[in-house]
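So for the sequence shown, this note's numbering puts the first residue at 9; every next one is plus one.
Here a beta-carbon is modelled for each residue, glycine too, at the ideal position from N, C-alpha and C.
Just below is one structure, and these are the notes that go with it.
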Amino acid sequence: MPNSLPPLNALRAFEAAARHSNFTRAAEELGMTQAAVSYQIKVLEDRTGTPLFKRVGRQVVLTKAGAQLAAVASEAFQSIRAGFSAVQGTQDGRLKLSVVPTFAMNWLSLRIGEFQMANPQIAVQLETTGDIVDFASSDVDIGIRNSPKKSPGLICHKLAEITYTPMLCPRLAESIGGVNKPEDLLKLPIIDKGDPWWKNWFEAAGVNNPDFSNQPASQMGTQTVDGNIAIAGHGVAILTPLFHSSALRDGLLIQPFPLKCTAENPVWLVYREKQKNHRKIKLFRDWILNEMEIDKTCYAV
């Protein structure tokens, strides 16, 4: 029959293999052997009449047809899981978050314990990655990411604009008699002079073509590392006040100038539109939006 459903066991094995891009990990998740997973996918390929995976080295990659089916299968199984959880009365369960590393380490990790204590029935699972999660093929519930625009099928809340400005520890500023004008910063070690934020900020401050020729060619990679180097007194970092509000509050860092530039991509909280009424989604959304407003009010970041 042309409208008959595919074998559900085969579809389940395919969805897991597509999500992991690996037959072995799919087999471990499903409690099957790798051979059984391969067989079930062969059954599905025979039914569709086209290959669903191709091998690239040791990894399996979806074909065009496989990617098309994976998107549909993932959405279907997400709906089934959500519906079954609702029937069981355990819809809260696990809350899986995919979060950009700087936000995770410098903001969320300092506060997520409060959410967990207030909601002990929800098991928070935090995944830090710079990649934008694909909700069509992932079991992530909520993403926090830098993105230039909203995405179809997702509800997006802007958490904050990403601003940046120089910061340093007080004793480093005192070592040159204080930082009174932007040019004074160039008398001190600049952390990651190749970061384009530096040039943008100096130009906004009226310093065109700042001379970085005598600066160390360091490149630390994340704001977390740059901030710790600055706190230790080893240089001036270009940082986002939102992510370093506690260091500013405690006097570990100072922001010598009020001028802040704004990065192109804000931080967004995103989740599937079809899950907008899930209790765990609503609880986390309301909590983080409230925490963000508190930060903005208290620290003017």
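Residue environment, residue i, which counts as buried when at least 16 other CB atoms sit within 10 Å
i      : result
Lys290 : exposed
Leu13  : exposed
Gln231 : buried
Gly243 : buried
Gln86  : buried
Ala212 : exposed
Ile88  : exposed
Distance between beta carbons of residue j and residue i, contact taken as under 8 Å
i      : j      : result
Leu247 : Asp258 : Leu247 to Asp258, Cβ: 15 Å. No contact.
Leu176 : Ile262 : 6 Å
Leu77  : Ala112 : Incorrect: roughly 32 Å between the Cβ atoms, too far for contact.
Asp311 : Leu194 : Because residue 311 is not part of the residues shown, which for the chain are 9 to 309, the question remains open.
Tyr279 : Asp149 : 6 Å
Glu83  : Ala144 : 7 Å
Val108 : Gly138 : 6 Å
Inter-residue spacing [alpha-carbon to alpha-carbon] between residue i and residue j
i      : j      : result
Pro266 : Asn217 : 21 Å
Pro174 : Ala18  : 56 Å
Asp54  : Ala73  : 13 Å
Thr270 : Lys201 : 18 Å
Ala34  : Met40  : 8 Å
Val51  : Glu272 : 47 Å
Glu191 : Ala181 : 13 Å
Ser106 : Val187 : 39 Å
Asp142 : Glu169 : 23 Å
Leu256 : Ala131 : 32 Å
Lys104 : Phe292 : 11 Å
Phe31  : Pro59  : 15 Å
One or two residues paired with residue i in a DSSP bridge
i      : result
Trp209 : DSSP, once it has assigned bridges, lists no residue as partnering Trp209.
Ala131 : Arg102
Neighbour flag for residue i against chain D, beta carbons, 7 Å
i      : result
Thr270 : Absent from the structure: chain D. Only one protein chain is present.
Assigned secondary structure, residue i (DSSP; H/G/I helix, E/B strand, else coil)
i      : result
Trp115 : coil
Ser87  : helix
Thr71  : coil
Val148 : coil
Val244 : strand
Arg33  : helix
Ile237 : helix
Met175 : strand
Proximity test, residue i beta-carbon vs the ligand PLP heavy atom, cut-off 6 Å
i      : result
Ala144 : Questions concerning the ligand PLP fall outside what the structure shown contains, since it holds no ligand whatsoever.
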